[in-house]
Ligand code: 0L1
Ligand code: MG
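Numbering (the working numbering), first residue to last: 18 to 280.
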């Protein structure tokens, strides 16, 4: 078992890598005994460090690695989750600066905003939908702190599931206004189709991914709170971001969301 001091050290290394914009090598190479549970302990420590040093607060949660394709690509067998902080949210109207990011990628998401706490022990899809205030089109900027996005499941969990920034649309929809299984999604980079998908690509239903996370959180004494924003997982692969790029996500029958990268 890894010592508490080692977990603190890993959290601090990840914190410094993000703050000073450099890559680190994955920690499993150095600590093969790093487990998924221990990695969530490191993630908690990293979030504490960020809240303390950046004077920010938790604004919600995120799911990662929710599609079978991405799990196979990364050689993992389950999703991961992470924490969203208030200072990660960007305004869709303003160009995105890449200055403080290492090797950012962007992906389309559906964000759920909660009106009730979601407390287990066995959360169902129906309970997630009941507790949801509204959903909004969203995008997530992921930015692994690991060299070349090369990591194992415990590594990526410790690194807060590669979270970096997020953008949510100002257009809100009730869960019964949209088909959260069949709703199509087109993700464009500079007006060219980068990928297409459906809402159901997220574990059959994005609320299933959130139910999975809610049940994991309760086992760690945590839960989704009323007011939380939850990114339910990428609908497609992520696109590498370059200066001057423009990204749009369009969902069937609802408003699209466009973001621009600074020159
Ligand atoms: O939000 C995500 O799906 C990212 C999770 C971590 C995997 C990655 O960095 O590609
Ligand atoms: Mg994501």
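The beta carbon of each residue, even a glycine, is placed where N, CA and C say it ideally should be.
Per DSSP, reduced to three states, the secondary structure at residue 171 is helical. The alpha-carbon separation between residue 194 and residue 123 amounts to approximately 26 Å. Exclusion of residue 86 from the 6 Å shell around the ligand MG follows from its C-beta lying no nearer than that to any non-hydrogen atom of the ligand. Nearest neighbour of residue 49 by Cα position, chosen from 192, 171, 276, turns out to be 171.
With a contact defined as Cβ atoms closer than 8 Å, residue 184 and residue 276 qualify at about 6 Å.
Within the segment 106-170, the alpha helix (DSSP H) runs of at least 4 residues that lie entirely inside it are, in chain order, 142-148.
The Cβ-Cβ distance between residue 101 and residue 76 falls below 7 Å.
Each residue's CA atom was taken as its position, placing residue 27 and residue 59 some 7 Å apart. Residue 229 and residue 179 have their alpha carbons spaced roughly 19 Å apart. Separation of the CB atoms of residue 267 and residue 203 is rounded to 5 Å, and the pair is thereby assigned contact status at 8 Å. The closest CA to that of residue 249, considering only 69, 214, 224, 260, is found on 224. DSSP places residue 225 in the uninterrupted alpha helix (DSSP H) bounded by 223-236. Membership of residue 206 in the beta strand (DSSP E) is indicated by the continuous run 201-206.
Closest option to residue 217, judged by alpha-carbon separation, among 252, 244, 237, 187: 252. Cα atoms of residue 173 and residue 187: separation of roughly 30 Å, rounded to the nearest angstrom.
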